[in-house]
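If you count the sequence shown from 1, position 268 lands on 276 in the numbering used here, and the numbers rise without skipping.
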Amino acid sequence: MINDLWTILPFYSHRFEGLSQSAIVGDDIDAHSTALGSIRGTFNVSERLYVTTDGAIELRANLLDGRAPHNEYPVLDGIEPSANAAPTRLHMSTTNGPVSAQVGIYDTTSRTSEAAQTNHTTTRGRFDVKAQATDGFINLTFVDAPSDSDYALSVEAQVHVSPEGLPWWWCSPPDSSAPITVKMDETFEGWLKLETSKRVWPSVEWEKNGDGTPSGEDPSGQGRERRIEVQSGWGRAEGEVWWGGRNDLSGRTRRPRDKPHVALNLKAATSPIRLVL
9 MINDLWTILP
19 FYSHRFEGLS
29 QSAIVGDDID
39 AHSTALGSIR
49 GTFNVSERLY
59 VTTDGAIELR
69 ANLLDGRAPH
79 NEYPVLDGIE
89 PSANAAPTRL
99 HMSTTNGPVS
109 AQVGIYDTTS
119 RTSEAAQTNH
129 TTTRGRFDVK
139 AQATDGFINL
149 TFVDAPSDSD
159 YALSVEAQVH
169 VSPEGLPWWW
179 CSPPDSSAPI
189 TVKMDETFEG
199 WLKLETSKRV
209 WPSVEWEKNG
219 DGTPSGEDPS
229 GQGRERRIEV
239 QSGWGRAEGE
249 VWWGGRNDLS
259 GRTRRPRDKP
269 HVALNLKAAT
279 SPIRLVL
């Protein structure tokens, strides 16, 4: 057992083999690098992972919920216990390089309470993902997430490359060298907000059927239709994503306004933003 591990070795690399296949338990895991070093690897995260460097970040992170047994938290107003617990956090920050990450979100409780059964929902956790780059592109891909989720997801992707003295929202010309690209898993339901230079039109994309409606099969297997409403303009886009009909009275449809804590926020100085749903 290793209770604590610290190293101060600038200009040297650290390499730990086989950790992605092992169980690592700790209150905090903090990977910090300086002197233009990069951080790469696979991490299984049950509480917190903070990655800070002056170089590139390239990782696969598996965010796990279910740290506490189901009966350790009371059900409050129909909200599942894991929604009352602290979120599993992944924070990535670099001052001189890109961020490229694949993120999987996994519920490890696999329990359904009486309150959840009544509302056709399952126990889900809360997750907080943030990425920040001062001078480099950001590429985030969410590869897995629980279906019919109740998790709280906040993604803040910031690229600050504006000339000194100018506000973040007004720069000329737009900087295409540091784009932000975020690809969500099809299970995502919630609010979305994109902000960048007023000379850039943010892009929100999704696959469509022949009649123009969003395509895809309900990941929960309930046969619901996917709904996407987005309003875009110069420098800004806002909208919401959910599964279910507009006037579905079965109780299964939960539009994002019924769970405002689920949000996706992307902000840039002058960079183009591309969101794939």
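All C-beta atoms in this analysis are idealised placements derived from N, C-alpha and C, irrespective of residue type, glycine included.
Across the structure, tryptophan 242 and glutamate 203 are spaced so that their CA atoms are roughly 9 Å apart. Comparing alpha carbon positions, the residue from Ala109, Thr61, Leu71, Val212 closest to asparagine 147 is Ala109. Rounded to the nearest angstrom, the gap between the Cα atoms of asparagine 273 and glutamate 237 is 16 Å. By the Cβ test, the region 228 to 235 is not in contact with the region 186 to 193, since fewer than three Cβ pairs between them sit closer than 8 Å. Separation of the CB atoms of aspartate 226 and alanine 186 is rounded to 36 Å, and the pair is thereby denied contact status at 8 Å. Per DSSP, reduced to three states, the secondary structure at methionine 100 is strand.
DSSP, reduced to helix, strand and coil, places tryptophan 214 outside both helices and strands of the structure shown, so it counts as coil. When the five nearest sequence neighbours on each side are left out, the beta carbons in the same chain lying within less than 6 Å of the beta carbon of glycine 63 are those of Leu44, Gly45, Ser46, Gly105, in order along the chain. Here threonine 189 is bridged, per DSSP, to Asn147, Arg282. Burial state of lysine 275 is buried, judged by a 10 Å Cβ sphere holding 16 or more other Cβ atoms.
In this structure, DSSP gives threonine 61 an extended state, which the three-state scheme calls strand. Phenylalanine 51 carries a strand assignment under DSSP once its states are collapsed to helix, strand and coil.
Taking C-beta atoms under 8 Å as the contact rule, alanine 277 and serine 205 qualify, at a distance of about 7 Å. Taking every protein chain shown into account, the CB of glycine 220 has fewer than 16 other CB atoms within 10 angstroms, so this residue is exposed. Under the DSSP assignment, valine 107 falls in the beta strand (DSSP E) whose first and last residues are 107 to 115.
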